[in-house]
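**Student:** Starting off with a structure, shown below.
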Amino acid sequence: MLPDILVILGNADFWAAVLRIATPLIFGTLGVLLCERAGVLNLGIEGIMVAGALAGWLAVYLGGSLWVGVMVAALTGAAFGLLHAFLTVPLALSQHVAGLGITLFATSVSYYAYRVSFPNVSSPPTIESFAEMAGLGIPILSKQTPLTLLALTCVPLLAWVLYRMPVGLAVRMVGENPAAAEGQGLNVNAVRTGAIVAGSALMGVAGAFLTLSAFNAFFFNMVNGRGWICV
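What follows is the structure, given as structure tokens:
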């Protein structure tokens, strides 16, 4: 049995599949991390991923490019993030209740919009999804789409922003000690709102990966708990 496991672990196709499956989790986890470093738990991620998946796919289906679909998904996620920020930062509502409410609201709106847009389809309409980057010449990466490469790039980039840039210091400060941050002249509400919106945009891109890269269509329950895994 051990030799079989070692063979699997040494197979480039196995690691290519791992990266492909992990891509939406990477985007989603980075979004949750950014929110939490600012002191806010965003449980709306599951619904935001659903909304991003539909919005990105619909933008491409209506004639936009794949990258336009990614941007639309990010903007959709940011919009729901702004709603979450409004509920939890200035109104100071329960983060758990607000997050779960966002998940239910975003999921319901997305499913309803899909049903209204395609009331009489027997199978989900399809689009041309991102192609694999075969020209890279690296066995594992050549089987990935550009969104996976973007996700891998975002990991060190977010770490650099959080730990090497003033804006990252501000985010961490308002999350760990908001009173001290306010004493330094920071607008705690503004920093938290910005972090939630940016993190939610990443969650929207996580959903877009499912419809623009992993699959080429939108269907119900396609997020399937990935948002909760990220949390």
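Quick note: the sequence shown uses the numbering used here, first residue 1066, plus one each step. Just so you know, even glycine gets a beta-carbon here, dropped at the ideal spot from N, CA and C.
Measuring only the C-alpha atoms, how far is A1245 from H1161?
**Tutor:** Straight-line Cα distance between these residues: approximately 25 Å.
**Student:** So is S1130 buried or exposed if we call it buried at 16+ other beta carbons inside 10 Å?
**Tutor:** The residue is exposed, with fewer than 16 neighbouring Cβ atoms inside 10 Å.
**Student:** Curious, which full-length alpha helix (DSSP H) runs of at least 4 residues does the segment 1120 to 1176 contain?
**Tutor:** DSSP runs (the alpha helix (DSSP H)) wholly in the segment 1120 to 1176: 1131 to 1153.
**Student:** So, G1112 versus T1153, is the Cβ gap smaller than 8 Å?
**Tutor:** No, the pair does not count as a contact, with Cβ atoms beyond the cut-off.
**Student:** Y1179: beta carbon under 7 Å from a heavy atom of the ligand GDP?
**Tutor:** This structure simply doesn't include the ligand GDP, nor any ligand for that matter.
**Student:** Is it buried or exposed for Q1209, if we count other Cβ within 10 angstroms and need 16 for buried?
**Tutor:** Buried, because 16 or more other Cβ atoms sit within 10 Å of the Cβ of Q1209.
**Student:** Can you list, in chain order, the residues of its chain whose CB lies under 6 Å from that of M1268, leaving out five sequence neighbours each side?
**Tutor:** Cβ neighbours of M1268 beyond the five flanking positions: G1093, G1096, I1110, I1113, M1114, G1142.
**Student:** Can you grab the Cα-Cα spacing for the pair A1199 / L1212, in whole Å?
**Tutor:** Computed Cα separation, rounded: 14 Å.
**Student:** Kindly indicate the opening and closing residues of the alpha helix (DSSP H) around E1193.
**Tutor:** Unbroken run through E1193: none, as it is neither H nor E.
**Student:** Which residue marks the beginning of the alpha helix (DSSP H) containing S1207, and which one marks its end?
**Tutor:** First-last for S1207: undefined, no H or E at that position.
**Student:** Tell me whether N1254 sits in a helix, a strand or coil according to DSSP, three-state version.
**Tutor:** In the structure shown, N1254 sits in a helix (DSSP, three-state: H, G or I).
**Student:** Between L1106 and L1165, what straight-line distance do the alpha-carbon atoms span, to the nearest angstrom?
**Tutor:** Straight-line Cα distance between these residues: approximately 11 Å.
**Student:** If you run the structure through DSSP and keep just helix, strand and coil, what is S1278?
**Tutor:** Three-state DSSP puts S1278 in a helix.
**Student:** Could you compute how far the alpha carbon of A1118 sits from the alpha carbon of G1240?
**Tutor:** If you take the alpha carbons of A1118 and G1240, they lie about 29 Å apart.
**Student:** For L1090 versus T1168, is the C-beta spacing smaller than 8 Å?
**Tutor:** No, the Cβ-Cβ distance between L1090 and T1168 is not below 8 Å.
**Student:** What residue range does the alpha helix (DSSP H) around V1236 cover?
**Tutor:** Start and end: 1231 to 1241.
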